[in-house]
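Residue numbers (our numbering): 6 to 155.
For reference, the structure discussed in these notes is given below.
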Ligand SMILES: [Cu+2]
């Protein structure tokens with residue numbers, strides 16, 4: 006029996022092959038471990054409300070004022086769920102575009118995020134108009150019995 010090894014092959018070919026295999030393996034493991042612990046993500050909330058003031062174009066920070074419903078799951082800076090009462094407040098729009106023709110009095114549903122570290126803690130990340138007949142929780146308190154006028 007004769008072992009027919011390719012002893013005549015040039016070693017440099019194997020070296021290159023080995024290098025290639027190692028390089029591919031290294032890349033694969035890099036892609037797999039994604040770069041360490043993720044930062045604490047922003048808290049995100051969804052809330053409905055009524056537009057009470059549109060952003061003022063002259064101001065650099067575009068802020069939409071909304072009379073919003075209660076946000077029961079709202080967390081404070083320590084991550085404790087403290088909730089947020091229904092109130093009228095300004096929400097920075099960040100890069101979010103407003104729906105065409107959005108006007109004061111329109112009902113909306115929006116998502117906003119809160120980052121307790123960094124410059125601007127609050128930002129609207131999504132916003133859409135709700136049908137005008139949508140009943141919001143604070144309306145039920147304020148005007149039981151109706152008398153709706155547009
Ligand atoms: Cu609020």
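Beta carbons: idealized from backbone N, C-alpha and C, even for Gly.
Write down the C-beta distance between residue i and residue j rounded to the nearest angstrom, noting that I regard them as a contact closer than 8 Å.
i	j	result
residue 80	residue 71	19 Å between Cβ atoms; not a contact.
residue 75	residue 90	6 Å
residue 139	residue 116	Rounded, the Cβ-Cβ distance is 17 Å, inconsistent with contact.
residue 88	residue 77	5 Å
Taking 8 Å as the cut-off, decide whether the C-beta atoms of residue i and residue j are in contact.
i	j	result
residue 127	residue 104	no
residue 118	residue 51	no
residue 141	residue 55	yes
residue 69	residue 62	no
residue 112	residue 53	yes
- 4 or more residues per run - each alpha helix (DSSP H) lying fully within the segment 18-105: none
- Query: For ligand 1, which residues count as neighbours when the test is a C-beta closer than 5 Å to any heavy atom?
  - Reply: 89, 92, 94
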